[in-house]
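Only one structure is covered here, and it is reproduced in the block below.
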Amino acid sequence: MADSAVSLRRDGRAKSAHEVIESSDFKQLVKKRWTVSMVLLALLFVGYYGFILLVATAKDFVNTKVGEVTTLAIPLGLGAIVLAFTLTAIYVAWANKSYDPEVERLRSQLRQ
């Protein structure tokens with residue numbers, strides 16, 4: 075992304091909201107957020123709907139006992155829940171490390 079020194083107009087005034095929204099930095103940030111979100115969403119859908127399809131179509135497999143009373147469906151279902159938490163944690167870590175600082179940099183262009 076561009077240098078923070080480029081945040082002012084040539085006359086030294088802060089950029090307008092429209093100028094920030096139209097900037098290539100803002101557009102790249104939106105594209106990056108969209109890409110990260112869609113990749114994580116696709117992984118979540120594959121995991122969740124894969125589990126649902128497995129339960130619906132491979133009943134013999136998911137009814138396999140893994141303990142005295144527990145079937146394989148229970149750990150697979152818990153795995154789907156853990157996958158959702160893990161993907162959420164990945165998004166939060168990415169947002170805290172990369173996205174939020176960039177948003178703050180763009181926001182500071184409006185305040186100057």
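First residue of the sequence shown: 75, per our numbering; consecutive thereafter.
Glycine included, each C-beta is placed from N, C-alpha and C at the ideal position.
Segment limits, alpha helix (DSSP H) that includes residue i
i, result
"L152", "A147 to W168"
Buried versus exposed, by CB contacts within 10 Å (16 or more), residue i
i, result
"V166", "exposed"
"Q225", "Missing from the structure shown is residue 225; the chain here goes from 75 to 186 and no further."
"V180", "A small fix is needed here, since residue 180 is Leu in this sequence, not Val. So L180 counts as buried."
8 Å Cβ cutoff met for residue i and residue j
i, j, result
"L157", "G121", "yes"
"V136", "L127", "no"
"L114", "I164", "yes"
"V110", "W168", "yes"
For residue j and residue i, believed in contact at Cβ under 8 Å, the rounded distance
i, j, result
"E176", "L103", "5 Å"
"P149", "V140", "6 Å"
At which residue ranges does the stretch 96-148 contain complete alpha helix (DSSP H) runs of 4 or more residues, listed in the order of the chain?
-> Correct list: 98-131 and 133-136.
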